[in-house]
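In what follows, a structure is listed as structure tokens, so that the remarks can point back to it.
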Amino acid sequence: MLIYLAKRVLYVLPVALGVSVFCFLLVHIAPGDPLTSVLPPDASQQMQDELRKIYGFDRPLPVQFGLWLWKALQGDLGTSIATGRPVAAEVWRAVGNTLLIACLATVIGFVLGCFFGFVAGYFRGSFLDKFASTLAVLGVSVPHYWLGMVLVIVFSVQLGWLPPGGAGPGGSAAWKWDWEHVSHMILPAVTMSVIPMGIISRTVRALVADILNQEFVPALRAKGLMDFGVFRHVVKNAAPTALAVMGLQLGYLLGGSILIETVFSWPGTGFLLGNAIFQRDLPLLQGTILVLAMFFVGLNVLVDIVQGLLDPRVRRR
Numbered sequence: 178m179l180i181y182l183a184k185r186v187l188y189v190l191p192v193a194l195g196v197s198v199f200c201f202l203l204v205h206i207a208p209g210d211p212l213t214s215v216l217p218p219d220a221s222q223q224m225q226d227e228l229r230k231i232y233g234f235d236r237p238l239p240v241q242f243g244l245w246l247w248k249a250l251q252g253d254l255g256t257s258i259a260t261g262r263p264v265a266a267e268v269w270r271a272v273g274n275t276l277l278i279a280c281l282a283t284v285i286g287f288v289l290g291c292f293f294g295f296v297a298g299y300f301r302g303s304f305l306d307k308f309a310s311t312l313a314v315l316g317v318s319v320p321h322y323w324l325g326m327v328l329v330i331v332f333s334v335q336l337g338w339l340p341p342g343g344a345g346p347g348g349s350a351a352w353k354w355d356w357e358h359v360s361h362m363i364l365p366a367v368t369m370s371v372i373p374m375g376i377i378s379r380t381v382r383a384l385v386a387d388i389l390n391q392e393f394v395p396a397l398r399a400k401g402l403m404d405f406g407v408f409r410h411v412v413k414n415a416a417p418t419a420l421a422v423m424g425l426q427l428g429y430l431l432g433g434s435i436l437i438e439t440v441f442s443w444p445g446t447g448f449l450l451g452n453a454i455f456q457r458d459l460p461l462l463q464g465t466i467l468v469l470a471m472f473f474v475g476l477n478v479l480v481d482i483v484q485g486l487l488d489p490r491v492r493r494r
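Pasting the structure below:
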């Protein structure tokens, strides 16, 4: 197990370096001047040169990358061009907010997806299979932003049960685990959970159907094992793949929530990325993308380790 863990950790190093290079180059190949958002229309050439020197944009790209990576390794992601505040503080605050709804959405999506997937796979061809499969297809097909607006109209405007947006009284800076704040998480989390629910449900259904067709299942029944015992073996065999899919979905939710956070005015990474793109704030854009990418890489390693703990066959690959 220790060798398996060491291999997984070593694989991260080249991936992390490649991700950092990609993050740095991605925002530099975009057209336009990164200082456009802070320079006045009548800015003199001297003023432009001074600002480029302050932010380091006057140096060659390899030098800029080396300095940026060295500072990033020390936790310094630079200063936002638009706000003048440290990028690291803004990114980590937004990551914390996004993690709140992403984790809740993952739990909802994983529980419902596994439930519908196991029911559909175990009762293939039945009404339950068709009902669960239809829900899974709808979950993958329905646009996030449209579903979010429908939920706001129904549960906020018509029924008045839940708040339509925001991070609670006082904003995210005064977050507390009480109903006034948690109620603001429900609608965006439910909206985010729909796609993971559909994907996990379809994956688990296919896994369960495949496992039930394998030879060891009739052998278990021949030994006198009851349905619950057979179901337990099916769950054990399907769990590593379901966990892997869940980990990937959590990574996608962290970075793919721009529209949902905009609809619900949730101050997370998606909201921050949108502002950074519109304001062309390169340090903020680079820092946000880098942190999200590292989260994604770390989640994949964590899922690999959990898979290895659950299934010895994974450790021998």
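Sequential numbering from 178 applies to the sequence shown in the numbering used here. Beta carbons are placed, not taken as given, at the ideal position from N, Cα and C, and that holds for glycine.
Could you tell me whether the segment 280-300 touches the segment 354-370, where touching means 3 or more Cβ pairs closer than 8 Å? In short, these stretches touch, since the Cβ pair count reaches three.
Taking its Cβ as the centre, do 16 or more other Cβ atoms sit within 10 Å of Q391, making it buried, or is it exposed? Reading the sequence shown from its first residue, position 214 is the one you call residue 391. Answer is exposed; the Cβ neighbour count stays below 16.
Tell whether a beta-carbon distance below 7 Å holds between M495 and I437. Not covered by the structure: residue 495. The range shown for the chain is 178 to 494.
Measuring CA to CA, which of W245, V192, H321 is closest to L430? As a first step, residue 430 must be located in the sequence shown, where it is residue number 253. Taking L430 as reference, the option from W245, V192, H321 with the minimal CA-CA separation is H321.
Rounded C-alpha distance that separates G261 from I454: Taking the sequence shown and counting its residues from 1, one reaches residue 261 at position 84. Taking the sequence shown and counting its residues from 1, one reaches residue 454 at position 277. When rounded, the distance between both Cα atoms is 16 Å.
Taking DSSP's pairing of strands, which residues face T256 in a bridge? The residue given as residue 256 occupies position 79 in the sequence shown. T256 is bridged to P263.
Nearest candidate by alpha-carbon position, reference L238, set V367, L202, L190, A193: Here the question's residue 238 lines up with position 61 in the sequence shown. Distances from the alpha-carbon of L238 to those of V367, L202, L190, A193 put L202 closest.
Along the alpha helix (DSSP H) that carries R398, what are the first and last residues, could you check? By one-based count along the sequence shown, residue 398 stands at place 221. R398 -> alpha helix (DSSP H) spans 393-399.
Would you check if the distance between the CB atom of V478 and the CB atom of G424 is smaller than 7 Å? Locating residue 478 in the sequence shown gives position 301, where the first residue counts as 1. Locating residue 424 in the sequence shown gives position 247, where the first residue counts as 1. No; because the gap between Cβ atoms is not below 7 Å, this pair is not in contact.
Would you kindly work out how many angstroms separate the C-alpha atoms of G325 and K400, rounded to a whole number? Start at 1 with the first residue of the sequence shown, and residue 325 comes out as number 148. Start at 1 with the first residue of the sequence shown, and residue 400 comes out as number 223. Computed Cα separation, rounded: 50 Å.
Label R398 either buried or exposed according to how many other C-beta atoms from any shown protein chain fall within 10 Å of its C-beta, with 16 as the threshold for buried. Mapped onto the sequence shown, residue 398 falls at position 221. The Cβ neighbour count for R398, taken over all protein chains shown within 10 Å, is under 16; the residue is labelled exposed.
What three-state label does DSSP hand W247 in the structure shown? What you label residue 247 is simply residue 70 of the sequence shown in a count that begins at 1. In the three-state reduction of the DSSP assignment, W247 falls in the helix class, which pools H, G and I.
Measuring only the C-alpha atoms, how far is G345 from L328? Here residue 345 refers to the residue found at position 168 when the sequence shown is read from its first residue. Here residue 328 refers to the residue found at position 151 when the sequence shown is read from its first residue. So the two alpha carbons sit approximately 18 Å from each other.
Identify whether A220 lies in helix, strand or coil by the three-state DSSP scheme. Residue numbering aside, residue 220 sits at position 43 when the sequence shown is read from its first letter. Here A220 sits in coil by DSSP.
For I372, tell me which candidate among Y181, V288, K307, F242 has the shortest Cα-Cα distance. Taking the first residue of the sequence shown as 1, we reach residue 372 at position 195. Shortest Cα-Cα distance from I372 to any of Y181, V288, K307, F242 involves V288.
Given this structure, state the Cα-to-Cα distance separating P191 from V474, to the nearest angstrom. Position 14 of the sequence shown, counting from 1, holds the residue named residue 191. Position 297 of the sequence shown, counting from 1, holds the residue named residue 474. P191 and V474 have their C-alpha atoms spaced approximately 11 Å apart.
Between the beta-carbon of L449 and the beta-carbon of T439, is there less than 7 Å? Translated into positions along the sequence shown, residue 449 becomes position 272. Translated into positions along the sequence shown, residue 439 becomes position 262. The beta carbons of L449 and T439 sit no closer together than 7 Å.
I need the DSSP call for N390, collapsed to helix, strand or coil. Stepping through the sequence shown from its first residue, residue 390 is reached at position 213. N390 carries a coil assignment under DSSP once its states are collapsed to helix, strand and coil.
Given a cut-off of 7 Å on the beta-carbon distance, is the pair C200 and L476 in contact? On the sequence shown, residue 200 is found 23 positions in, with the first residue counted as 1. On the sequence shown, residue 476 is found 299 positions in, with the first residue counted as 1. Contact: no.
Residues in its own chain within less than 8 Å of V412 by CB, not counting five upstream and five downstream? The residue labelled residue 412 in the question sits at position 235 within the sequence shown. Closer than 8 Å at Cβ, skipping near neighbours: F295.
Measure how close the beta-carbons of I435 and G286 come, nearest whole angstrom, since I'm counting them as under 8 Å. Here residue 435 refers to the residue found at position 258 when the sequence shown is read from its first residue. Here residue 286 refers to the residue found at position 109 when the sequence shown is read from its first residue. 18 Å between Cβ atoms; not a contact.
Give the secondary structure of A344 by DSSP, where H, G and I count as helix, E and B as strand, and everything else as coil. Start at 1 with the first residue of the sequence shown, and residue 344 comes out as number 167. Correct three-state label for A344: coil.
Beta-carbon gap between A259 and Q456 smaller than 7 Å: Position 82 of the sequence shown holds residue 259. Position 279 of the sequence shown holds residue 456. Between A259 and Q456, the gap from beta carbon to beta carbon is short of 7 Å.
Quick check: what's the CA-CA separation for K230 versus R236? Your numbering for residue 230 matches position 53 in the sequence shown. Your numbering for residue 236 matches position 59 in the sequence shown. Note on geometry: alpha-carbon atoms of K230 and R236 lie some 8 Å from one another.
DSSP on W338, reduced to helix/strand/coil? By one-based count along the sequence shown, residue 338 stands at place 161. In the structure shown, W338 sits in coil (DSSP, three-state: anything other than H, G, I, E or B).
Which class does K184 belong to by DSSP, given the choice of helix, strand or coil? Position 7 of the sequence shown holds residue 184. In this structure, K184 counts as helix in the three-state DSSP scheme.
Buried or exposed (CB count within 10 angstroms, at least 16 for buried), L244: As a working mapping, residue 244 is identified with position 67 in the sequence shown. Sixteen is the threshold: since fewer than 16 other Cβ atoms of the shown chains lie within 10 Å of the Cβ of L244, the residue is exposed.
For G475, report the span of its alpha helix (DSSP H) as first-last. For the purposes of this step, residue 475 is taken as the residue at position 298 of the sequence shown. Under the DSSP assignment, G475 falls in the alpha helix (DSSP H) whose first and last residues are 459-487.
Looking at A297 and R409, is the spacing between their C-beta atoms short of 7 Å? The residue you call residue 409 lines up with position 232 of the sequence shown. The residue you call residue 297 lines up with position 120 of the sequence shown. Judged by beta-carbon spacing, A297 lies beyond the 7 Å limit of R409, meaning their Cβ atoms are not closer than that value.
Please classify V367: is it buried, with 16 or more other beta-carbons within 10 angstroms of its beta-carbon, or exposed? Position 190 of the sequence shown, counted from the start, is the residue given in the question as residue 367. Under the 10 Å beta carbon count, V367 is surrounded by 16 or more other beta carbons and is classified as buried.
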